[in-house]
Structures are given as structure tokens and as C-alpha cells.
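Under the numbering used here, the first residue of the sequence shown is numbered 1, with each subsequent residue one higher. For each residue, glycine too, the CB sits at the ideal point set by N, CA and C.
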Amino acid sequence: MKLTRFLKNGSPTPGLFLDGDTILDASGFGEDWNEAFFGHDGLARLRVWLKEQEDIAPRVKASEVTLAPAIARPSKIICIGLNYAAHAAEGGLEPPAEPVLFSKATSAWCGPYDNLVIPRDSAKTDWEVELAFVIGKHAKYVKESDALDYIAGFAVHNDYSEREWQLEGTGQWVKGKSGDTFAPFGPFLATTDEVPDPGNLQLWLERNGETLQDSNTSDLIFPIPHLVAYVSKFMSLLPGDVISTGTPAGVGIGFDPPRFVQEGDVFELGIDGLGVQRQVAVKEH
Ligand code: ZN
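See below:
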């Protein structure tokens, strides 16, 4: 299944992509795609509902609605830094000996086609296409061999970052990772059965039509099962939580001279089988 959400009368409404442009309106299921849904076996219940309702539930055209983030705002967004060797090198850094973790404020959560809002006083806003996954059930001290059982599905995430605030001030990366609209998520969450090999997915990003990032999740230094085991040592992962697996080379700070987001820039980014996002950069008022 491909879970999505779209705005109906201004409110996020759950849906399921049936094909590239057809969304089945799943509001009749009566639940949002949130912690309670994932935590109470929602995907299994949704499959049963879909079998019964697929022929009769109303449809909308994706091209005629505004997409919301593919799942409801999670309890936390945990990101992995420097998880591609070439990306670590472009930042002048050694590949890390263990995963680098940081968090992103959940208020950054937004739809896959929402405008990117360049924050006030930002000169160094940057892009990061990433494969993200969503936790399907409470996860703590998970073994690598069991890790995939804890994943509900996969999606595209653009881990927008303000480099000055991330790297040049004091304290943690969270300051540079948390701007409003810095976490576009979607256009859909593909359940694990739709993604036979998440460790071999091409991911790419274009800025104004120029390809800047083009890599494969086979280059992840720490693969997905290791990330689930590692992060769940330090904290409970709750149903619906998001882990973003890191970005490959080709971000703005890696160029000489660096390139950062300019007002009016158009970003298109995608991952094999997980759809395409598009954002236009605007300035905060
Ligand atoms: Zn990132």
C-alpha cells in the first residue's frame, strides 16, 4: 500500500495511492496515519478495509489536491548524519565509526510539494535527499536480525539544513535542521512489501533542472537494520516515528565555492519506487 494524505476542506485526510495520479479517499476508515494507527496494527486492519472498500470508496486526483505529509506528524524525527562516505568526504570529514544521530523538530514536518521557506537571516540553507523509514511498532533494544519487523514503510524526505546554524554556532545540529518546512515527507509511505530491497534504491535531487545528488542506498555506511538496532539502544522508538537514513554527496556545502538555496529555486527529488517531491524556495516574511 502507498499511504498518503491530502487536504480536504483544509484538513489532512488519509488516502491511498492506487496509481500515479489516483488517490483512494480513505476517510471512511476513520483513522489518521498516526501513532495510534501504526501502534494498533493499523496496516493489517487497513488491508482488510481496502479489500472491502476498494471498488466503492471515492477517488481524488493527486494533481487536483494539495498533498499533506504522507503520515501525521511523528513523535520524533531522528536523522543519521554522514552516512554516505562520499558525503562525509565533501564536508571534509572522516566516515564516522558509529552512526551520527541528531534530531529535527517535528514542527518542520510538511507536505512533499509545499514551498520551502528560507528562514529569516538564513544565508546557508541547503538540501539533502534521503530515504526515510517509519517505525511500525514500539521498538527498544531491537536486534539487527529482527529490525525489518519494526518498520512500517519507506518514503522520500528532504532533510533541509541551515549550515551556519548547524555548524558554525555552539551546541547541537538541531538548530540548523529544524526550520519550518525543513522536513517535506512523501508523496507517500510505501509499506515494506512494496520495497523488496531498501538497501538498493537510487535516490536523486535536481535544483533548477540540474542533477546535484545521484546515488544509491547501497552506499549507506550503516544499513537500515543496524540503524534500528543502534537508535533503539538509546530511546524507545514509537509507532509512527521517523528515521532518516542520511544524504549522499552533492549538497550545497560540498561545492567549491558552496552553493546555497536562493529564493525561487525549484527542487525536484525522488527515490526509485517512492515517488517524487517538488519544492519552490520562498523567503520567510
Ligand atoms: Zn540529513
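Query: Got a sec? Which residues, its chain only, sit under 6 Å from residue 112 by beta carbon, not counting five neighbours each side?; Result: 67, 184, 186, 187 and 277
Query: Decide if residue 74 is buried, meaning its Cβ has at least 16 other Cβ atoms within 10 Å, or exposed.; Result: buried
Query: What is the C-beta distance between residue 133 and residue 243, in whole angstroms, given that I count them as a contact (C-beta under 8 Å)?; Result: 6 Å
Query: When the distance is taken between beta carbons, is residue 85 closer than 8 Å to residue 221?; Result: yes
Query: Would you decide whether residue 9 is buried or exposed? Buried here means 16 or more other CB atoms lie within 10 Å of its CB.; Result: exposed
Query: Closer than 7 Å: is that where the CB of residue 144 sits relative to any heavy atom of ligand 1?; Result: no
Query: From residue 231 to residue 237, what distance separates their C-alpha atoms?; Result: 8 Å
Query: Once DSSP output is grouped into helix, strand and coil, what is the label at residue 84?; Result: strand
Query: Check for me: the alpha helix (DSSP H) holding residue 233 runs from which residue to which?; Result: 224–234
Query: What do you reckon, is the C-beta of residue 159 under 7 Å from a heavy atom of ligand 1?; Result: yes
Query: For the structure I just gave you, are there three or more beta carbon pairs, one from the region 92–103 and one from the region 43–60, closer than 8 Å?; Result: no
Query: Considering only heavy atoms of ligand 1, does any lie closer than 7 Å to the CB of residue 217?; Result: no
Query: May I ask you to check if the CB of residue 206 is nearer than 7 Å to at least one heavy atom of ligand 2?; Result: As for ligand 2, it is missing from this structure, which binds only ligand 1.
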